[in-house]
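One structure below.
Numbering (my numbering), first residue to last: 1207 to 1468.
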């Protein structure tokens, strides 16, 4: 897993030689609790922070309702997103935020960046190419939920075509999910207990704007803004004072939705 790879690199392959772990870029959002809590990208960054190493999860986000991967060829957008991600990472590294309850020297444990720990999420949209680029915003995690992710596979029916990387992944040739060779060996009473991944995530990919808390990562994504979200290595967010760089500590107006100044 990504978390396993991080731990092996930190403690077995390059012990004492790694200062910063950058997980990603993930091609797909890691905004909101529904995505980030099940994210291997965020998991790798969290694994690093639990080893007291600075880490950032970087994700490139898109969805079917806006000008993104599915409607615009990736082209130079990937380069533009990477350039913005690099600027954010450099800024964070040079001025890492503080969290009195952080597990490493009173620092923020990690960031999630979506331009998707901090998580950083960057929308893949045409605005990346505009002279002013995208706004970068400090955010909190949008606390949402999902429902049923799997459905029962009907005996004798061929599985549906789905994307191997999941419902919020970049376009690629779909694959046909094959039933395990052990399915036929199940006891007759268990033959109906075969399930396949078939989520309906429309409610969290295209939510009503009124359901998005101002200053959340989901809100930022809706308005085509890159988001930077401080996180703790405990599936929790640090105090409000963490929504700034170290040199901005104590400034007025701190809070989610405030500009991240590059």
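Glycine included, every Cβ here is placed at the ideal spot set by N, Cα and C. The structure presented is a predicted model; accordingly, all values stated were derived computationally and were not measured.
Determine the direct distance from the alpha carbon of residue 1248 to that of residue 1214, and round the result to whole angstroms.
Computed Cα separation, rounded: 17 Å.
Suppose contacts are defined by Cβ-Cβ distances below 9 Å. Is residue 1464 in contact with residue 1450 by that definition?
For residue 1464 and residue 1450, yes; Cβs fall inside 9 Å.
When you compare the region 1285-1293 with the region 1246-1261, are there three or more beta-carbon pairs, one atom per stretch, that lie closer than 8 Å?
The answer is no - the region 1246-1261 does not touch the region 1285-1293, with fewer than three Cβ pairs under 8 Å.
Once the 5 residues before and after residue 1357 are set aside, which same chain residues still bring their CB inside 8 Å of it?
So the qualifying residues of the chain are 1401, 1402, 1404.
Indicate whether residue 1341 and residue 1432 have their beta-carbon atoms separated by less than 9 Å.
Result yes, Cβ atoms of residue 1341 and residue 1432 sit closer than 9 Å.
Going by beta carbon distance, what residues of the same chain come within less than 7 Å of residue 1240, once the five residues before and after it are set aside?
Closer than 7 Å at Cβ, skipping near neighbours: 1350, 1351, 1352, 1410.
Ignore the nearest five residues each way along the sequence and tell me which others in residue 1293's own chain have a CB closer than 8 Å to its CB.
Excluding sequence neighbours, residue 1293 sits near 1468.
Mapping DSSP to helix, strand and coil, what is residue 1360?
Residue 1360 falls in the coil class under three-state DSSP.
Considering Cα atoms alone, identify which of 1418, 1209, 1223 is closest to residue 1262.
Comparing Cα positions, the closest option is 1209.
Helix, strand or coil for residue 1326? Go by DSSP, reduced to three states.
The answer is strand: DSSP assigns residue 1326 an E or B state.
Can you tell me whether DSSP reads residue 1308 as helix, strand or coil?
In this structure, residue 1308 counts as coil in the three-state DSSP scheme.
Taking residue 1288 as part of the beta strand (DSSP E), name the residues at either end of that continuous run.
Segment 1283-1300 is the alpha helix (DSSP H) holding residue 1288; no beta strand (DSSP E) there.
From 1245, 1246, 1234, 1259, pick the residue whose C-alpha is nearest to that of residue 1221; which is it?
Measuring from the Cα of residue 1221, the nearest candidate turns out to be 1259.
Determine the direct distance from the alpha carbon of residue 1466 to that of residue 1323, and round the result to whole angstroms.
With a pLDDT of 39 at residue 1323, under the threshold of 50, the modelled position of this residue cannot be trusted, and the question is left open.
In three-state DSSP terms, what is residue 1348?
Correct three-state label for residue 1348: coil.
Kindly indicate which residue of 1355, 1295, 1328, 1332 has the alpha-carbon position closest to the one of residue 1232.
Ranking 1355, 1295, 1328, 1332 by Cα distance to residue 1232 puts 1328 first.
When the Cα atoms are used, what is the spatial distance from residue 1334 to residue 1399?
If I take the Cα positions, the gap works out to 46 Å.
Report the three-state DSSP secondary structure of residue 1404 (helix, strand or coil).
The answer is coil: DSSP assigns residue 1404 none of H, G, I, E or B.
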